[in-house]
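S.K.: I am attaching a structure below and will ask some questions about it afterwards.
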Amino acid sequence: MLPHIGYALREQNRYILDDPSITGVELTFERADDPLRVDKYIGDLDIDYVSVHALKLSVGSPDLPSIEYLEALRSIAVENGAHSISDHLGFTRSGKNGEEIGHFAPVPMTQAALDTCCRNIEYIMRYFDPLEFYIENVAYLFALEGTIDEADFLGKLLSRTGSGWVLDVTNVYANARNFNFDGYEFIEKVMPFAKNVQFHLAGGFYDEKAKMYIDSHSHPIPDGVWDLYRHSLKQGGDKINAIFIERDQNFPDENGWRSEAAMVKQIAEEVLGTSATQR
Amino acid sequence: MKTETKAEIEYRQQIEALTKAFTRGDLDAVAPHLADGMKIEYVEMFFEGNFEKRDDKLEKQMELVDEGFDNFKEIIAAYTSATQLAAEATAMIDGEAMLDWMEENYPNITDQQKDRIAVQRARHRVEAIARKKRIKHIQFQEITSLGEYFQDQFEHNQNIMIHLNPIHTWATLNTNELLEEDEDPPQDVLVYAHGSDTHTANFEEPGKRFIELLAEIGPCSFEELKFHMLEIEHDDLLEFCRDLSNLGLIAFA
């Protein structure tokens, strides 16, 4: 079956979300969480599949996330008819009553980190049940010293917790390019352990000074990511529930928005079969 | 309470050390934790990204205060360099903490700037109240749409109750900075939720008493209101209610 396809909702793309290619939308929690808002963040949009994407569950922190944050996330998810909630494999703070970094840092790929992340994710999944929970692989500028290969770490985490996987294809592309490993093999290695999968797709840029590809969500999806996307579709098959395109700056015109979503759908139909019906 | 294992303690110490290093831009403290081959300059890029994000959020959160200072960007940068963001702090919480820090560290803030800070703090309070009373906030905003329909009826229909906007707070302005030309300081202004925004309204003493009265007695009919505000003429009170309804401060249901 064809996955739901759509965008991470931004005010700049709200007007095109009635496009026939689009049946899914991802809401960023920190944007939706406005205490003065009187209507649903999703508004009047009639969307088949909604997911809420968070930034601060901090599954790599030594302490569990707070009940207040979990409840606020769940409220937004319920209010907007969401099917799932997702966040990142990283840490944003040292722990309860600690300090906030402001953005997620990669976890060290160690047994202690794996055990902590699994414990936290299991807690989060129990809290949000029956909403599904997905964990996303992050793009990183550096890696911390570890004892476990990233793909093994992710595979073990997904296997132990039963969490879904947000396969951020662009993050794999960026990390593989920047740290010289095979992104295709990475996805092949992890995918068998994921029960359910969502994809993220985005475009970034190559920073000539830093000599790094930056996942800035600021450009159209590049060829390298399209290729990896095709590969990911083949690997994921029926496990893929949704595909979300992320764009945070340098926004396209109406044709740009619609054509990129149409391309995502076209490739999904080619790889998964044109007879595939949408979920 | 479960006792942490040795491995858990060591992991906690590592994450605490890394967080401290990240929030202070301490490259030397991060370096020993890096995997082989990782470049420290990329950690620096990570720091810069974080600091910029926090600064941007504060600047966006506090546009009203920004307008009263020539160097607000520098003040934000000084604040974010000197302090760390508390775990799970929202932009509003960080903004409030920044205002506290400014009052401690900038003794020469002018009275005009203090007025902007007072209204900003009131906006933070409105946001906090709306978060706590979300259902009441939504219910009130829903019934404001009935204002036009009931405006001609509430005078005589005892079944129509006058509701006060539950999401409001007061701020005192001591200068002309944010007042109209014909208003003299000091003025108590009401800061309240209007749809998804915050608005302000000024009142003379009877108006202030009206708001405080409604806050105390809860929804009431016009007759009941008149009983409590005998010092105001019938027609004046009627007109005042209509004005407040148009402002989104009261609603009829």
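Order-wise, the sequence lines are chains A and B. Position 124 of the first sequence, counting from 1, maps to 124 under the numbering used here, and the rest follow consecutively. In the numbering used here, each residue carries its 1-based index in the second sequence increased by 1000. Quick reminder that beta carbons are idealized off the backbone N, C-alpha and C, glycines included.
(1) If you draw a straight line from the alpha carbon of Ile1109 of chain B to that of Ala1082 of chain B, how long is it in whole angstroms?
(2) Would you kindly report the start and end of the unbroken beta strand (DSSP E) that includes Arg93 of chain A?
(3) Do Ile187 of chain A and Thr161 of chain A have their beta-carbon atoms positioned less than 7 Å apart in this structure?
(4) Should Ser1245 of chain B be flagged as near chain A, meaning a C-beta pair shorter than 7 Å?
(5) Check the Cβ-Cβ distances between Phe1116 of chain B and every residue of chain A, and say whether any is below 7 Å.
(6) What's the gap between the Cα of Asp34 of chain A and the Cα of Gly1218 of chain B?
(7) Output the distance between the C-alpha atoms of Lys1132 of chain B and Ala242 of chain A, rounded to the nearest integer angstrom.
(8) Can you tell me which of the three DSSP states Thr1198 of chain B falls into?
(9) I'd like to know whether the C-beta of Met1045 of chain B is nearer than 7 Å to at least one C-beta of chain A.
(10) Can you tell me where the beta strand (DSSP E) with Ile5 of chain A in it begins and where it stops?
(11) Below 8 Å on the Cβ atoms is my guess for Ser84 of chain A versus Phe133 of chain A; work out the distance and round it to an integer in Å.
(12) Suppose the cutoff is 8 Å on Cβ atoms and the five residues either side in sequence are ignored; what does the same chain contact list for His1234 of chain B look like?
(13) What do you reckon, are the CB atoms on His200 of chain A and Asp248 of chain A nearer than 7 Å?
(14) Return helix, strand or coil for Asn196 of chain A, following the three-state DSSP convention.
(15) Closer than 7 Å by beta-carbon distance: list the chain A residues that pair up with Lys1053 of chain B, in chain order.
(16) For Thr1175 of chain B, which of B:Asp1184, B:Ile1162 and B:Gln1139 has the nearest alpha-carbon?
(17) For Glu1088 of chain B versus Ser61 of chain A, is the C-beta spacing smaller than 7 Å?
(18) With a 10 Å radius around its C-beta and 16 neighbouring C-beta atoms as the bar for buried, classify Lys265 of chain A as buried or exposed.
(19) Counting pairs of beta carbons, one from the segment 94 to 111 of chain A and one from the segment 1046 to 1053 of chain B, are three or more of them closer than 8 Å?
(20) Helix, strand or coil, according to DSSP, for Ala1019 of chain B in the structure here?
(21) Starting from Asn178 of chain A and walking both ways along the beta strand (DSSP E), at which residues does that stretch end?
(22) For the segment 79 to 102 of chain A, list every residue whose C-beta sits within 8 Å of some C-beta in chain B, in sequence order.
(23) According to DSSP, Ala1251 of chain B sits in a beta bridge with which residue or residues?
(24) Give the single residue among B:Met1092, B:Lys1039 and B:Pro1032 whose Cα lies nearest to the Cα of Asp1055 of chain B.
(25) Could you tell me the alpha carbon to alpha carbon distance between Ala1215 of chain B and Asn1165 of chain B, rounded to whole angstroms?
(26) Could you tell me the distance, in whole angstroms, from the CA atom of Tyr1106 of chain B to the CA atom of Asn1071 of chain B?
(27) Any Cβ of chain A within less than 7 Å of the Cβ of Glu1088 of chain B?
(28) Report yes if the C-beta distance between Thr1023 of chain B and Gln1112 of chain B is below 7 Å; otherwise report no.
(29) Under 7 Å between the Cβ atoms of Phe244 of chain A and Ala8 of chain A?
(30) Between which two residues does the alpha helix (DSSP H) holding Val271 of chain A run?
(31) When the Cβ atoms of the segment 66 to 81 of chain A are set against those of the segment 170 to 184 of chain A, are three or more pairs found closer than 8 Å?
(32) Below 8 Å between beta carbons is the criterion; list the residues of the segment 102 to 134 of chain A that meet it against any residue of chain B, in chain order.
(33) On the CB-based measure, 16 or more other CB atoms within 10 Å of its CB, does Ser86 of chain A come out buried or exposed?
(34) Under 7 Å, do Phe142 of chain A and Tyr1042 of chain B count as touching if we go by C-beta distance?
(35) Short of 7 Å Cβ to Cβ, which residues in the segment 1143 to 1176 of chain B face chain A?
(36) Where does His1156 of chain B land, buried or exposed, given buried means 16+ other C-beta within 10 angstroms?
M.R.: On the basis of the data shown:
(1) Taking the first residue of the second sequence as 1, we reach residue 1109 of chain B at position 109. Taking the first residue of the second sequence as 1, we reach residue 1082 of chain B at position 82. Rounded to whole angstroms, Ile1109 of chain B to Ala1082 of chain B spans 19 Å at the Cα level.
(2) Position 93 of the first sequence, counting from 1, holds the residue named residue 93 of chain A. Boundaries of the beta strand (DSSP E) around Arg93 of chain A: Phe91 to Arg93.
(3) What you label residue 161 of chain A is simply residue 161 of the first sequence in a count that begins at 1. What you label residue 187 of chain A is simply residue 187 of the first sequence in a count that begins at 1. The answer is no: Cβ separation not under 7 Å.
(4) Translated into the one-based positions of the second sequence, residue 1245 of chain B becomes position 245. No, because no Cβ of chain A sits closer than 7 Å to the Cβ of Ser1245 of chain B.
(5) Numbered from its first residue, the second sequence carries residue 1116 of chain B at position 116. The sequence as given places Arg at residue 1116 of chain B; Phe does not occur at that position. Taking CB atoms only, Arg1116 of chain B has no neighbour in chain A less than 7 Å away.
(6) For the purposes of this step, residue 34 of chain A is identified with residue 34 of the first sequence, where counting begins at 1. For the purposes of this step, residue 1218 of chain B is identified with residue 218 of the second sequence, where counting begins at 1. Whole-angstrom Cα-Cα distance: 26 Å.
(7) Position 132 of the second sequence, counting from 1, holds the residue named residue 1132 of chain B. Position 242 of the first sequence, counting from 1, holds the residue named residue 242 of chain A. If I take the Cα positions, the gap works out to 34 Å.
(8) For the purposes of this step, residue 1198 of chain B is taken as residue 198 along the second sequence, with counting starting at 1. In the structure shown, Thr1198 of chain B sits in a strand (DSSP, three-state: E or B).
(9) Taking the second sequence and counting its residues from 1, one reaches residue 1045 of chain B at position 45. So yes, Met1045 of chain B belongs to the interface.
(10) Locating residue 5 of chain A in the first sequence gives position 5, counting from the first residue. It spans His4 to Ala8 - the beta strand (DSSP E) in which Ile5 of chain A sits, taken as one unbroken run.
(11) Position 84 of the first sequence, counting from 1, holds the residue named residue 84 of chain A. Position 133 of the first sequence, counting from 1, holds the residue named residue 133 of chain A. Cβ atoms of Ser84 of chain A and Phe133 of chain A come within 8 Å of each other, at about 7 Å.
(12) Taking the first residue of the second sequence as 1, we reach residue 1234 of chain B at position 234. So the list reads Lys1226, once near-sequence residues are dropped.
(13) Here the question's residue 200 of chain A lines up with position 200 in the first sequence. Here the question's residue 248 of chain A lines up with position 248 in the first sequence. No. Outside cutoff.
(14) For the purposes of this step, residue 196 of chain A is taken as the residue at position 196 of the first sequence. In this structure, Asn196 of chain A counts as coil in the three-state DSSP scheme.
(15) Numbered from its first residue, the second sequence carries residue 1053 of chain B at position 53. Counting only Cβ-Cβ distances below 7 Å, Lys1053 of chain B has contacts in chain A at Gly102 and His103, in chain order.
(16) In the second sequence, the residue the question calls residue 1175 of chain B occupies position 175. For Thr1175 of chain B, the nearest C-alpha among the options comes from B:Asp1184.
(17) In the second sequence, counting from the first residue as 1, residue 1088 of chain B sits at position 88. In the first sequence, counting from the first residue as 1, residue 61 of chain A sits at position 61. Taking 7 Å as the Cβ cut-off, Glu1088 of chain B and Ser61 of chain A do not qualify as a contacting pair.
(18) Start at 1 with the first residue of the first sequence, and residue 265 of chain A comes out as number 265. It is buried - the Cβ of Lys265 of chain A has at least 16 other Cβ atoms within 10 Å.
(19) Contact between the segment 94 to 111 of chain A and the segment 1046 to 1053 of chain B is present, with at least three C-beta pairs closer than 8 Å.
(20) By one-based count along the second sequence, residue 1019 of chain B stands at place 19. In the sequence as displayed, the identity of residue 1019 of chain B is Thr instead of Ala. Helix, per DSSP.
(21) Counted from its first residue, the first sequence places residue 178 of chain A at position 178. For Asn178 of chain A, there is no enclosing beta strand (DSSP E); the residue is found in the alpha helix (DSSP H) stretching over Val169 to Phe179.
(22) Within the segment 79 to 102 of chain A, contact with chain B at the beta-carbon level (separation under 8 Å) is assigned to Phe91, Arg93, Ser94, Gly95, Lys96, Asn97, Gly98, Glu99, Glu100, Ile101 and Gly102.
(23) Mapped onto the second sequence, residue 1251 of chain B falls at position 251. In the DSSP secondary-structure assignment, Ala1251 of chain B is bridged to B:His1163.
(24) The sequence position of residue 1055 of chain B within the second sequence is 55, counting from 1. From the listed residues B:Met1092, B:Lys1039 and B:Pro1032, the smallest Cα separation to Asp1055 of chain B is found for B:Met1092.
(25) By one-based count along the second sequence, residue 1215 of chain B stands at place 215. By one-based count along the second sequence, residue 1165 of chain B stands at place 165. For Ala1215 of chain B and Asn1165 of chain B, the distance between alpha carbons rounds to 9 Å.
(26) The residue you call residue 1106 of chain B lines up with position 106 of the second sequence. The residue you call residue 1071 of chain B lines up with position 71 of the second sequence. When rounded, the distance between both Cα atoms is 12 Å.
(27) Position 88 of the second sequence, counting from 1, holds the residue named residue 1088 of chain B. So, interface residue.
(28) As a position in the second sequence, residue 1023 of chain B is number 23, starting the count at 1. As a position in the second sequence, residue 1112 of chain B is number 112, starting the count at 1. Their beta carbons are not under 7 Å apart, which means Thr1023 of chain B does not touch Gln1112 of chain B by this criterion.
(29) Position 244 of the first sequence, counted from the first residue, corresponds to residue 244 of chain A. Position 8 of the first sequence, counted from the first residue, corresponds to residue 8 of chain A. Yes, these two residues count as a Cβ contact at 7 Å.
(30) Numbered from 1 along the first sequence, position 271 holds the residue referred to as residue 271 of chain A. First-last of the alpha helix (DSSP H) with Val271 of chain A: Glu254 to Leu272.
(31) By the criterion of at least three beta-carbon pairs nearer than 8 Å, the segment 66 to 81 of chain A is not in contact with the segment 170 to 184 of chain A.
(32) Near chain B, meaning a CB-to-CB distance below 8 Å, the residues of the segment 102 to 134 of chain A are Gly102, His103, Ala105, Pro108, Thr110, Gln111, Ala112, Ala113, Asp115 and Thr116.
(33) Looking up residue 86 of chain A in the first sequence gives position 86. With 16 or more other Cβ atoms within 10 Å, it is buried.
(34) Looking up residue 142 of chain A in the first sequence gives position 142. Looking up residue 1042 of chain B in the second sequence gives position 42. Contact check for Phe142 of chain A against Tyr1042 of chain B passes: the beta carbons are separated by less than 7 Å.
(35) Listed by position, the residues of the segment 1143 to 1176 of chain B near chain A (Cβ gap below 7 Å) amount to none.
(36) Indexing the second sequence from 1 puts residue 1156 of chain B at position 156. Exposure of His1156 of chain B is indicated by the presence of fewer than 16 other C-beta atoms within 10 angstroms of its C-beta.
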